[in-house]
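Colleague: For the sequence shown, the positions run 1 to 427 when the UniProt record's numbering is used.
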Amino acid sequence: MSLTLHPRRCNGEPSAQQNLNLRLLQLPVELVVAIASHVPRPSQILASQTCTALRNILCDSVLQEDEHLPAHLPREEQAEFLRLLSRGSPGEWVCEECMELHPAYMHDTPIKPMAEGFLPCFFPGLGQEDTHIHAHYGFKLDHRHVQLALKHARLAATTGLSTEYLQRLLQPIRKHIRSRYTRKGFVDGDFSAYPKVVDGRFLVKSTFEFREAYSKICREYLGTVALCGHQIIQASDVHNWRGRVVDPHNEVHPLYALLVATRAAFLVPGTEFCGSCRFCGTDFAITATPARVTLRCWQDFGPEGTTYDPHWRSHVSRVFSTATAHRIEESIRVLYGEEKGKVVKRESKSPVRGYTWKEESEVLVSLHFSAPGAGTGASGSFAPSTSLKMPVKRSFNSVTMPVHASCHDAMLTLPSGARGNEMIHSA
Numbered sequence: 001m002s003l004t005l006h007p008r009r010c011n012g013e014p015s016a017q018q019n020l021n022l023r024l025l026q027l028p029v030e031l032v033v034a035i036a037s038h039v040p041r042p043s044q045i046l047a048s049q050t051c052t053a054l055r056n057i058l059c060d061s062v063l064q065e066d067e068h069l070p071a072h073l074p075r076e077e078q079a080e081f082l083r084l085l086s087r088g089s090p091g092e093w094v095c096e097e098c099m100e101l102h103p104a105y106m107h108d109t110p111i112k113p114m115a116e117g118f119l120p121c122f123f124p125g126l127g128q129e130d131t132h133i134h135a136h137y138g139f140k141l142d143h144r145h146v147q148l149a150l151k152h153a154r155l156a157a158t159t160g161l162s163t164e165y166l167q168r169l170l171q172p173i174r175k176h177i178r179s180r181y182t183r184k185g186f187v188d189g190d191f192s193a194y195p196k197v198v199d200g201r202f203l204v205k206s207t208f209e210f211r212e213a214y215s216k217i218c219r220e221y222l223g224t225v226a227l228c229g230h231q232i233i234q235a236s237d238v239h240n241w242r243g244r245v246v247d248p249h250n251e252v253h254p255l256y257a258l259l260v261a262t263r264a265a266f267l268v269p270g271t272e273f274c275g276s277c278r279f280c281g282t283d284f285a286i287t288a289t290p291a292r293v294t295l296r297c298w299q300d301f302g303p304e305g306t307t308y309d310p311h312w313r314s315h316v317s318r319v320f321s322t323a324t325a326h327r328i329e330e331s332i333r334v335l336y337g338e339e340k341g342k343v344v345k346r347e348s349k350s351p352v353r354g355y356t357w358k359e360e361s362e363v364l365v366s367l368h369f370s371a372p373g374a375g376t377g378a379s380g381s382f383a384p385s386t387s388l389k390m391p392v393k394r395s396f397n398s399v400t401m402p403v404h405a406s407c408h409d410a411m412l413t414l415p416s417g418a419r420g421n422e423m424i425h426s427a
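#1: Going by the beta-carbon positions, is the gap between Q299 and A257 smaller than 8 Å?
#2: According to DSSP, is S89 part of a helix, a strand, or is it coil?
#3: Using the Cα positions of R75 and P269, report the straight-line distance between them to the nearest angstrom.
#4: So, at 6 Å on beta carbons, what are the nonlocal neighbours of V32 in its own chain, with the 5 sequence-adjacent residues on each side left out?
#5: At which residues does the beta strand (DSSP E) containing K151 begin and terminate?
#6: From the DSSP output, in three-state form, read off F191 for me.
#7: Would a C-beta distance cut-off of 8 Å place F139 and P103 closer than the cut-off?
#8: Would you decide whether F81 is buried or exposed? Buried here means 16 or more other CB atoms lie within 10 Å of its CB.
#9: Which residue comes first and which comes last in the beta strand (DSSP E) that contains L203?
#10: Could you check whether H311 and G229 sit closer than 8 Å to each other, using their CB atoms as the reference points?
#11: H311 by DSSP, collapsed to three states: which one?
#12: Cutting at 7 Å between CB atoms, please list the residues of its own chain near I177, excluding the five before and the five after it.
#13: Sorted by chain position, which residues of the same chain lie with C-beta nearer than 7 Å to L73's C-beta, five sequence neighbours on each side aside?
#14: Alpha carbon to alpha carbon, what distance is there between L69 and E30?
#15: Hey, quick one: how far does the beta strand (DSSP E) through A288 stretch, first residue to last?
#16: Compute the Euclidean distance between the alpha carbons of S331 and D283, then round it to the nearest angstrom.
#17: Enumerate in chain order the residues of its own chain whose CB-to-CB distance from S162 is below 8 Å, with the five nearest sequence positions on each side excluded.
#18: Using DSSP with H/G/I as helix, E/B as strand and the rest coil, what is E329?
#19: Please report the Cβ distance between R87 and V94, rounded to the nearest whole angstrom; I am assuming they are in contact, meaning their Cβ atoms lie under 8 Å.
#20: Just verifying my parser: in three-state terms, what is the DSSP assignment at S276?
#21: Going by DSSP, what residue range makes up the alpha helix (DSSP H) through C59?
#22: The alpha helix (DSSP H) spanning F266 covers which residue range?
#23: Take R292 as the anchor and find which of A193, A265, T50 and H253 has the nearest alpha-carbon.
#24: What is the rounded straight-line gap between the Cα of R353 and the Cα of L203?
#25: Between the C-alpha atoms of H143 and Y308, what's the straight-line distance to the nearest angstrom?
#26: Classify P372: buried if its beta carbon has 16 or more other beta carbons within 10 angstroms, exposed otherwise.
#27: For A34, is the classification buried or exposed, using 16 other Cβ atoms within 10 angstroms of its Cβ as the cut-off for buried?
#28: Got a sec, what are the start and stop residues for the alpha helix (DSSP H) Q44 sits in?
#29: Apart from the five residues on each side of it in sequence, which residues of its chain come closer than 6 Å, Cβ to Cβ, to K175?
#30: So does E92 have its beta carbon nearer than 7 Å to some heavy atom of the ligand SAM?
#31: Rounded to whole angstroms, what is the Cα-Cα separation between I45 and V146?
#32: For R296, I'd like the list of residues in its chain whose CB is within less than 6 Å of its CB, leaving aside the five on either flank, ordered along the chain.
#33: Would you give the residue range spanned by the beta strand (DSSP E) that E100 belongs to?
#34: Count the other CB atoms within 10 Å of the CB of G160; is the residue buried (16 or more) or exposed (fewer)?
#35: Where does Q171 sit, in a helix, a strand or coil, going by DSSP?
#36: Hey, how far is the Cα of P113 from the Cα of H107?
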C-alpha cells in the first residue's frame with residue numbers, strides 16, 4: 001500500500017496563484033535579492049516556483065538564463081532540490097539514482113525491506129550496500145528508510161500526521177544468531193537493533209550478546225562481528241591481516257579500535273571498555289567474561305537530508321578511507337539517551353583512544369608495541385608506549401608479561417591479582 005501523494009510542479013514553472021500579501025514581497029526588491037543571494041541554489045529555484053512575482057525577481061537577479069531549471073544543477077544540488085520539494089509529502093522519497101521522487105510503501109521497512117526488483121530503480125541510492133552489514137541478521141537499512149522516518153517524525157510533530165508508518169520504520173528486531181566461524185566450536189548469541197529518532201537525527205543501537213555453547217567463549221574468537229564498515233573483528237584477524245597495529249605516527253591505528261578493545265575486555269573480565277570509530281558516526285562498548293560477551297554500538301545516520309550528507313556518507317565510505325567523523329567520543333551514546341562512561345585520561349604521548357571504565361578502583365596498565373626484530377635483543381625496542389587505567393577489585397605488585405598483538409609483540413604490565421596474568425595468544 002503506497003502512502004498519499006501530493007501533486008506538485010517539478011518542471012521549473014511557477015504556480016499560477018499569486019500571493020501578493022506575502023510579507024517577503026512587501027520588502028524592497030533590492031532587499032529580496034540580497035536575501036536570496038545568501039540562500040543555496042536549490043532553495044532559490046524552489047522559491048522561484050512559488051509564484052510569478054518571486055520568479056520574476058529571482059530570474060532577473062540571482063538566477064540567470066536557464067539556471068532556474070533543476071536539471072541544470074549538479075547531482076548533489078538536484079538531490080537537495082528534490083528533498084526540499086518533497087519536504088511536506090510523507091508519501092515520497094528522493095532517489096539519487098534516477099533523480100526522481102518515488103512513492104513510499106507502508107510495508108517497506110528495515111526489517112522487511114521491499115525487494116530490489118520491485119523498486120522503481122535497481123539498487124537505488126549511493127553505496128547503500130555498505131550499510132547492509134547487519135542484513136543477514138534481519139536488519140537492512142537503506143537511506144529511504146532514514147529519509148521517511150525523519151520526515152514522518154517531523155510532520156507528526158508539526159501537522160499531526162499519523163505515526164503508523166513511523167512506528168513500522170522504528171520497529172526493533174531481536175534475532176538468535178550463531179557464530180559462523182570460531183576456533184573452538186560454535187558460540188550462540190542474540191542480535192538486536194533499536195532504531196530511534198532523536199532531535200531530528202536517525203540513531204540505531206545494535207547489540208551482540210554471545211553466550212558459551214559447547215565451550216567457554218575463547219578470547220577474541222567470536223567469529224566475524226562488524227559494527228560498521230570500519231570496525232570489524234574476526235577469528236582470522238591475526239593470520240590474514242599483515243598490516244601494522246600502529247600508524248606512521250606511532251599511534252594505534254583507528255581501524256584497530258574494536259580489536260584492541262576486545263582484547264582488553266578479555267584481559268579484565270566484567271569491565272566495560274568503550275571506543276569510537278574515527279571514520280563514521282559509531283560509538284561502541286564491550287564487556288567480556290568466559291561465559292558471556294556483550295558488544296553494543298550506537299550509530300548516528302544523520303539528519304533529514306540526502307545520501308550526500310556527510311553523516312550518512314561516513315557510514316558508506318570504504319574501510320581505508322580518510323577520517324570523516326569529527327565529533328566528541330561517546331556523543332552518540334549520550335544522544336541516544338544512555339549514560340556516558342568515564343573517559344580514560346592520557347598517560348603518554350600516544351595513548352589508545354576511546355577506552356572508558358565503569359568501576360572506581362583503578363590500576364595503571366602499560367602497553368608497549370614493537371615490530372618483530374626491531375632494535376636490539378630478542379624482543380626489540382618497544383614503541384610506542386601506551387598506558388591505560390583499568391579497574392580491578394584487587395591490587396598486588398605488578399608483573400610484566402608478553403602479549404601477542406597482531407603481527408607485533410607487546411609487553412603488558414598488570415597487577416598479578418587482576419586476573420590478567422595470562423598470555424593472550426593471537427595465533
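Every residue, glycine too, gets a C-beta built ideally from N, C-alpha and C.
Modeller: Let's see:
#1: No, these two residues do not count as a Cβ contact at 8 Å.
#2: Reduced to three states, the DSSP call for S89 is coil.
#3: Distance between the alpha carbons of R75 and P269: 51 Å.
#4: Excluding positions up to five away in sequence, the list reads I57.
#5: No beta strand (DSSP E) contains K151, which is instead part of the alpha helix (DSSP H) from H143 to T159.
#6: Strand, per DSSP.
#7: Result no, Cβ atoms of F139 and P103 do not sit closer than 8 Å.
#8: Its Cβ being crowded by 16 or more others within 10 Å, F81 is buried.
#9: Residue range R201 to R211 is occupied by the beta strand (DSSP E) that includes L203.
#10: For G229 and H311, no; Cβs fall outside 8 Å.
#11: The answer is helix: DSSP assigns H311 an H, G or I state.
#12: Excluding sequence positions up to five before and after I177, its CB lies within less than 7 Å of the CB of Y137, G189, D190 and F191, all in the same chain and listed in chain order.
#13: R41, P42 and F81, listed in sequence order.
#14: Using only the alpha carbons, I get a separation of about 23 Å.
#15: Looking at the DSSP string, the run of the beta strand (DSSP E) that includes A288 is T282 to A288.
#16: S331 and D283: Cα-Cα distance of roughly 8 Å.
#17: Here the set comprises A156.
#18: Here E329 carries a coil assignment [DSSP, helix/strand/coil].
#19: That pair is no contact at about 10 Å.
#20: In the structure shown, S276 adopts extended strand secondary structure according to DSSP, grouped into three states.
#21: From DSSP, the alpha helix (DSSP H) with C59 extends over T52 to C59.
#22: Per DSSP, the continuous alpha helix (DSSP H) segment holding F266 begins and ends at A257 to L267.
#23: Comparing alpha carbon positions, the residue from A193, A265, T50 and H253 closest to R292 is A265.
#24: Per-residue confidence for R353 stands at a pLDDT of 41, beneath the threshold of 50, marking its modelled position as unreliable; the derived number appears in the next sentence. Going from the Cα of R353 to the Cα of L203 covers about 23 Å.
#25: Spanning the alpha carbons of H143 and Y308 requires a straight line of approximately 11 Å.
#26: Only weak support is given to the placement of P372: the predicted model assigns it a pLDDT of 41, under 50, and the question is left unresolved by the model.
#27: Burial is judged here by how many other beta carbons sit within 10 angstroms of a residue's own beta carbon; A34 has fewer than 16 and is exposed.
#28: Here the alpha helix (DSSP H) through Q44 covers R41 to S48.
#29: Only Y137, G138 and F191 meet the Cβ criterion.
#30: Only the bare structure without any ligand can be found here, which leaves the ligand SAM out of the picture.
#31: When rounded, the distance between both Cα atoms is 25 Å.
#32: Here the set comprises T207 and A285.
#33: E100 to P103 is the span of the beta strand (DSSP E), which, as asked, contains E100.
#34: With fewer than 16 Cβ atoms within 10 Å of its Cβ, G160 is classed as exposed.
#35: Coil at Q171, not helix or strand.
#36: Rounded to whole angstroms, the separation of the alpha carbons of H107 and P113 is 7 Å.
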